[in-house]
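Letter by letter, the sequence shown follows residues 1 to 247 in UniProt numbering. By construction, the Cβ of each residue, glycine as well, lies at the ideal position given by its N, Cα and C atoms. This structure is a prediction, so every number in the text was calculated from the model and none was measured. Working notes, beginning with the structure itself.
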Amino acid sequence: MTRGRLPGAAALVCSEVTVTAPTASGELTLLRGLDVTLPERRVAVVGLNGSGKSTFLRLFNGLARPASGAVTVHGINVARDVRTARRHVGFVFTDPLSQLVMPTPVEDVELSLRGTGVPRARRRAAALALLERVGIAHRAEHSIYDLSGGERQLAAFAAVLAVEPEVLVLDEPTTLLDLRNRGRLIDMLDGLPHQLLISTHDLGLAATAPRVLVLHEGRLVADGRPEQVLPAYERWCADGFPQEDAP
C-alpha cells in the first residue's frame with residue numbers, strides 16, 4: 001500500500017507549459033505550449049532523442065521549471081510546493097549512477113527507508129525484501145560499481161519503491177536491462193498500485209499503457225491509445241513528423 005492519498009484530483013496536469021533553457025545566443029525552447037491532463041494509471045511518452053521527453057517528466061518533481069504555465073501533481077502546484085510534490089513523486093533516472101549514493105544496493109535502499117517510519121532494526125530486512133522483489137537480492141552487498149548497468153537500474157528502482165510514492169516517473173527504465181530483467185520489470189510494473197509516467201524507446205513497453213503521448217521538438221504531436229498512436233509514430237520516424245501549423 002502507498003501512503004496517504006494526495007489532495008485534489010488524481011491527475012498529472014500541465015497547463016500551457018513552455019520550458020526554455022539559456023544558450024550562448026539566447027534561449028532554446030525545450031517544450032512549447034504543452035497542455036495535458038493525465039488521470040490514467042499508466043501513461044507512456046515516446047519521441048526521438050531531444051524531443052523533450054526527459055524535460056517533460058522532470059516537470060513533475062520540479063527538476064525542470066516552466067518559463068510559463070503551471071504543473072500540478074494530484075492538486076499540488078509543483079512550483080509553489082516542490083517539497084511536497086517530491087515526497088509523492090518517485091523518479092527513476094536513465095542513468096542509475098546519478099541517484100545511487102551509497103556503496104552497495106542494500107545500503108542505498110536502507111537510506112531510502114530512513115524517512116518512512118521503518119524502525120532501524122528492521123531496515124536491513126526490509127531493504128533485502130525490496131531487492132528480492134526486483135531480482136537482485138544476490139547482489140545486495142556488492143559494490144555499486146561491480147554491478148551491471150541493468151542491476152544498477154534495478155537497485156535504483158528498489159530505492160525509489162522504498163519511499164512508497166504515489167506517482168512513479170520512469171525515464172527510459174528498460175534501456176540498460178537485458179531481456180530477462182526487462183520482462184521482470186514489466187511484470188512488476190503491472191502489479192504496482194502507483195500512477196506511472198514512463199518515457200521510453202521500447203515500443204513494447206509503451207504498448208502496455210492505455211495512453212501514449214508522442215513528443216517531437218518540444219511539441220505534443222499525438223495523444224491517444226497505443227494501437228492508434230504507435231503505428232503513426234513508427235511511420236513518422238521513417239517518413240518525417242507532422243510540421244507545426246504556420247502562424
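- Around the C-beta of H138, fewer than 16 other C-beta atoms lie within 10 Å, and the residue is accordingly described as exposed.
- Unbroken alpha helix (DSSP H) stretches of 4 residues or longer found wholly inside the segment 19-69: 53-58, given in chain order.
- Secondary structure note for V106: it is in no beta strand (DSSP E), and the uninterrupted alpha helix (DSSP H) holding it is P105 to L113.
- One alpha carbon belongs to L57, the other to L170, and they sit about 8 Å apart.
- One alpha carbon belongs to R219, the other to V46, and they sit about 12 Å apart.
- V160 counts as buried, since at least 16 other C-beta atoms from the protein chains shown sit within 10 angstroms of its C-beta.
- Taking a cut-off of 8 Å for Cβ pairs, the segment 204-216 and the segment 58-68 do not touch, as fewer than three such pairs fall below it.
- C-alpha of S112 to C-alpha of A238: approximately 43 Å in a straight line.
- Pairwise C-beta distances place the segment 185-194 out of contact with the segment 18-27, as fewer than three of them are shorter than 8 Å.
- Cβ contact annotation for P210 (same chain, cutoff 7 Å, sequence separation greater than five): E40, R42 and R225, in chain order.
- Note: R211 is bridge-paired with V43 in the DSSP secondary-structure output.
- Pairwise C-beta distances place the segment 115-123 out of contact with the segment 148-158, as fewer than three of them are shorter than 8 Å.
- By the neighbour-count criterion, in which a residue is buried when 16 or more other Cβ atoms sit within 10 angstroms of its Cβ, S143 is exposed.
- Within the same chain, Cβ atoms closer than 6 Å to the Cβ of L168 are found at G90, H194 and L196, the five residues on either side in sequence being excluded.
- Shown here, F91 sits in a strand according to DSSP, grouped into three states.
- L168 is bridged by DSSP to G90 and L196.
- With distances taken between CA atoms, H88 lies nearest to A11 out of A11, P66 and G33.
- According to the DSSP assignment, V221 belongs to the beta strand (DSSP E) that extends over R219 to G224.
- Measuring C-alpha to C-alpha distances from V36 to each of A70, L30, L28 and L189 identifies A70 as the nearest.
- Annotated three-state conformation of I186 is helix, per DSSP.
- Residue pairing by DSSP places V13 opposite T37 and T72 in a beta bridge.
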